[in-house]
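A quick write-up on the structure given underneath.
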Amino acid sequence: MAGFSFDFSALEQIERDLGKLAAGVKKAERVVVMLAGNEYKNDVQALLPRKSTDLIRSVHVEPTEEGGHPVALIGTNKVYARQKEYGGVISAKNKEYLRFKGEDGNWVFVKSVYQYPQPAWRPAWDRNLTKYKQMLNGVFDRNVWDADLSTVAGLRPDITGGI
Amino acid sequence: MTPDPALAMQTRIKGITEIIALVSTRVYRVGSVPATPQPPYLIINAPISDNEEGSTNTTDNSAARVQVSAFASTDPAAEVISQLLKKKVPCHDVILPSGTDFIRVERIANAGASPDQNTDVPVYIRNRDFRITYAY
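Read top to bottom, the protein sequences are chains A and B.
Read in order, the letters of the first sequence are residues 1 to 163 in my numbering.
Read in order, the letters of the second sequence are residues 1001 to 1136 in my numbering.
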């Protein structure tokens, strides 16, 4: 009998088991990342102006991987989405003037105008970051979340659309 | 009271001499922008988000994101104003007017910027976000 030996068969077994464990973890990670990504997509869509149905429909989630970890990319291919989010100056291109109804109801003719932002991506993120963190940690409970939201709505109607 | 973090931000910016030296009195809030403003100028947009951050016995705490857009007729000029905003606006522990009352600003922090432009006009824009954490 040898006084000292390695058991390679057991090491191989451990390596196989660790591989299976890592695959299971990665699969679970992908599920929660996609879940949080889809939730963010839904939150953005809920905040986009109702008139922008094309833009709302265009928001989508793309699964990808970075550094061996699953990543969900949430975005849109609509070029005007940026203008909606940040605002900007639009100018007349095909005609001499832009024409629209002003706040007083009269027609306004201008060469360019500042279009105010109608943000959806940043407010969705700010309002729901805690929710996404909970989802990624696997501790999200929608009933508790909704109850918390209605408590805040009672405290601050001005920031939750109550007034 | 209904807190008004955008007004607090406007007051904060109007109190910074380096910025006022460039834009003079042209620090507008949404709704009060003239039809043809003279660049350079600033537009303070309505708060993008305003999240309740808990309460104490005497105050409520909140965190708002406010976008400040700097407009100039050249790209370097817009960048100079944007960098001034980044450097001078952040602060700790100040009292600022908010509607008919005041809010105690615990912190104003820079939250990133993005460039924009419309060469047809021409006008160059820097949109910069600030996070205002305040008690009221």
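We put the beta carbon where it would ideally sit given N, CA and C, even for glycine.
Bridge partner(s) assigned by DSSP for residue i
i: residue 121 (chain A); result: DSSP output for residue 121 (chain A) lists no bridge partner at all.
i: residue 89 (chain A); result: A:114
i: residue 101 (chain A); result: A:107
i: residue 62 (chain A); result: A:73
i: residue 127 (chain A); result: DSSP output for residue 127 (chain A) lists no bridge partner at all.
i: residue 1102 (chain B); result: B:1097
i: residue 1116 (chain B); result: B:1125
i: residue 40 (chain A); result: DSSP output for residue 40 (chain A) lists no bridge partner at all.
i: residue 1131 (chain B); result: B:1065, B:1109
Chain A contact for residue i (CB, 8 Å cutoff)
i: residue 1030 (chain B); result: yes
i: residue 1049 (chain B); result: yes
i: residue 1127 (chain B); result: yes
i: residue 1072 (chain B); result: no
i: residue 1067 (chain B); result: yes
i: residue 1101 (chain B); result: no
i: residue 1035 (chain B); result: yes
i: residue 1123 (chain B); result: yes
i: residue 1043 (chain B); result: yes
i: residue 1010 (chain B); result: no
i: residue 1120 (chain B); result: yes
i: residue 1082 (chain B); result: no
i: residue 1116 (chain B); result: yes
Nearest-angstrom beta carbon gap, residue j and residue i [assumed within contact, 8 Å]
i: residue 1082 (chain B); j: residue 1126 (chain B); result: 4 Å
i: residue 85 (chain A); j: residue 49 (chain A); result: Rounded, the Cβ-Cβ distance is 11 Å, inconsistent with contact.
i: residue 1089 (chain B); j: residue 1013 (chain B); result: 6 Å
i: residue 1063 (chain B); j: residue 1131 (chain B); result: 6 Å
i: residue 44 (chain A); j: residue 59 (chain A); result: 6 Å
i: residue 1039 (chain B); j: residue 1073 (chain B); result: 5 Å
i: residue 135 (chain A); j: residue 61 (chain A); result: Not really, about 13 Å apart at Cβ, beyond 8 Å.
i: residue 30 (chain A); j: residue 70 (chain A); result: 4 Å
i: residue 89 (chain A); j: residue 1035 (chain B); result: Not a contact, Cβ separation roughly 13 Å.
i: residue 55 (chain A); j: residue 64 (chain A); result: Rounded, the Cβ-Cβ distance is 22 Å, inconsistent with contact.
Residue from the options with nearest C-alpha to residue i
i: residue 142 (chain A); options: A:74, A:39, A:55, A:75; result: A:39
i: residue 1067 (chain B); options: A:91, A:87, A:32, A:33; result: A:87
i: residue 1042 (chain B); options: B:1079, B:1062, B:1064; result: B:1079
i: residue 1102 (chain B); options: B:1035, B:1017, B:1134; result: B:1134
i: residue 1030 (chain B); options: B:1093, B:1094, B:1009; result: B:1009
i: residue 146 (chain A); options: A:138, A:131, A:137, A:136; result: A:131
i: residue 127 (chain A); options: B:1022, B:1050, B:1032, B:1004; result: B:1050
i: residue 149 (chain A); options: B:1021, B:1070, B:1052, B:1006; result: B:1052
i: residue 1044 (chain B); options: B:1077, B:1106, B:1037, B:1007; result: B:1007
i: residue 113 (chain A); options: A:98, A:103, A:104; result: A:98
i: residue 1047 (chain B); options: B:1086, B:1020, B:1005, B:1018; result: B:1005
i: residue 68 (chain A); options: A:52, A:4, A:104, A:22; result: A:22
Residue i at chain B interface by Cβ criterion, 8 Å
i: residue 161 (chain A); result: Its pLDDT being 48, under 50, residue 161 (chain A) is placed unreliably by the model, and nothing is read from it.
i: residue 9 (chain A); result: no
i: residue 127 (chain A); result: yes
i: residue 132 (chain A); result: no
i: residue 139 (chain A); result: no
i: residue 123 (chain A); result: yes
i: residue 91 (chain A); result: yes
i: residue 119 (chain A); result: yes
i: residue 80 (chain A); result: no
i: residue 75 (chain A); result: no
i: residue 59 (chain A); result: no
i: residue 150 (chain A); result: no
i: residue 112 (chain A); result: yes
i: residue 97 (chain A); result: no
Residue-level contact to chain C via CB, residue i, 8 Å cutoff
i: residue 144 (chain A); result: Chain labels in this structure do not include chain C; the protein chains are A and B.
In chain order, which alpha helix (DSSP H) runs of at least 4 residues are fully inside the segment 1012-1085 of chain B? 1017-1023
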